[in-house]
Amino acid sequence: MVREGRRVVLMNSEFKGFGKDALPFLKALGFHQSREWFQENRGLFERELREPFGDLVETLAERFSALGLGLKGDRKKSMFRITRDVRFAKDKRPYNQHLSAILSPDGTKTSEGVLFVYIGIDRCFAGLAWWQSRPELLQAMRNAVVARPEEFRAMVDALRRNGLELGDDERLKRLPRGFERVADADLGEAVRNRHFLVRHAIDPADIHSAELVDELVNFTLRAKPLLDWGRAIEGRI
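Using the working numbering, you'd call the opening residue of the sequence shown number 53 and step up by one each time.
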């Protein structure tokens, strides 16, 4: 807390690591999928998981601002709920066994070109992605791959030098309409992408350390070629 004249300014809490019981809580939640159990253990959830995650988001947002990366977030807007929407799902379990958040250009969950952080019992990872982009943007990205292949290949080469590869999640089996004549294998793979993303696996043991912030900042800087490529395309449409 800092006093500025008569005004009190509350400073963001610096991330110090998730609690030691963060993942054990998520594991136990798999066996106790009831509101009663969750409410009884809400204090543990808030202390070990939700509050540290909020600290992580806001610490990252401060670091990204200082680096001029254009990714914003806060503990209120960036984090996803641990409750599941089961209205149309066959799986009626009310709670996820993970917690996640997005840092984005405008700080909301609806903009594109984002950093996604996922802490779960199955895995922990971060991804920088254009995921399920609006149709006109996805079309523009595919057009850019074909019309300016040297820019696309330079971006891919830069990612590889930084130890990253574009993901192939949900890649189409066939070339989409309008791209049937793309002959180069690498360009064909790219235009079949439904998403443009790179991922970084997080060792679950590392989530308890404040050094996770440095790890995620380093990943985002290594992924910057994709961030810059996608933003340049967005600026053209």
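Just so you know, even glycine gets a beta-carbon here, dropped at the ideal spot from N, CA and C.
Is there a Cβ of chain D sitting closer than 8 Å to that of residue i, yes or no?
| i | result |
| --- | --- |
| Pro104 | Although the question refers to chain D, the structure presented lacks it and comprises just one protein chain. |
Spell out the partners DSSP gives residue i in its beta bridges.
| i | result |
| --- | --- |
| Gly172 | His150 |
| Trp182 | Phe248 |
| Thr135 | Tyr147 |
| Lys124 | Ser156 |
| Leu167 | Leu155, Leu180 |
| Ala242 | For Ala242, which the question treats as bridged, DSSP gives no partner whatsoever. |
Using the Cβ count rule (16 or more neighbours within 10 Å means buried), how would you classify residue i?
| i | result |
| --- | --- |
| Asn270 | exposed |
| Asp220 | exposed |
| Leu278 | buried |
| Thr272 | buried |
| Ala275 | buried |
| Glu120 | Sequence check: residue 120 is Gly here, not Glu. Result: exposed. |
| Phe83 | exposed |
| Ile285 | buried |
| Ser130 | buried |
| Arg251 | buried |
| Ala235 | exposed |
| Gly179 | buried |
| Ala242 | buried |
Which same chain residues end up closer than 7 Å to residue i when comparing Cβ atoms and leaving out the 5 residues on each side of it in sequence?
| i | result |
| --- | --- |
| Tyr170 | His150, Ser152, Cys176, Phe177 |
| Pro256 | Leu75, Cys176 |
| Arg127 | Gly106, Val109, Glu110 |
| Val138 | Lys144, Pro146 |
Whose C-beta lies closer than 6 Å to the C-beta of residue i among residues of the same chain, with five residues either side of it excluded?
| i | result |
| --- | --- |
| Ala253 | Phe177 |
| Trp182 | Glu164, Gly165, Phe248, Gly282 |
| Glu66 | Thr111 |
| Gly125 | Val109, Ala113, Leu155, Gly159 |
| Pro104 | Phe70 |
Quick test of your reading: residue i and residue j, contact by CB under 8 Å. State the CB separation rounded to the nearest angstrom.
| i | j | result |
| --- | --- | --- |
| Leu112 | Phe77 | Not confirmed; about 22 Å, so no contact. |
| Arg223 | Arg246 | 7 Å |
| Tyr147 | Leu81 | 5 Å |
| Asp205 | Leu227 | The residue you asked about is not Asp; residue 205 is Arg in the sequence shown. Not confirmed; about 18 Å, so no contact. |
| Gly69 | Ala262 | 5 Å |
If I measure Cβ to Cβ from residue i and keep anything under 8 Å in the same chain, skipping five residues before and after, which residues do I get?
| i | result |
| --- | --- |
| Lys72 | Glu100, His260 |
| Leu123 | Leu112, Ala113, Phe116, Leu155, Ser156, Pro157, Val166, Leu167, Thr272 |
| Phe97 | Phe77, Phe90, Ile134 |
| Val265 | Phe67, Leu108, Thr111, Leu112, Arg115 |
Handout entry: Contact the region 228 to 237 vs the region 191 to 203: 3+ CB pairs below 8 Å
Key = Because the criterion of three Cβ pairs below 8 Å is met, the region 228 to 237 and the region 191 to 203 touch.
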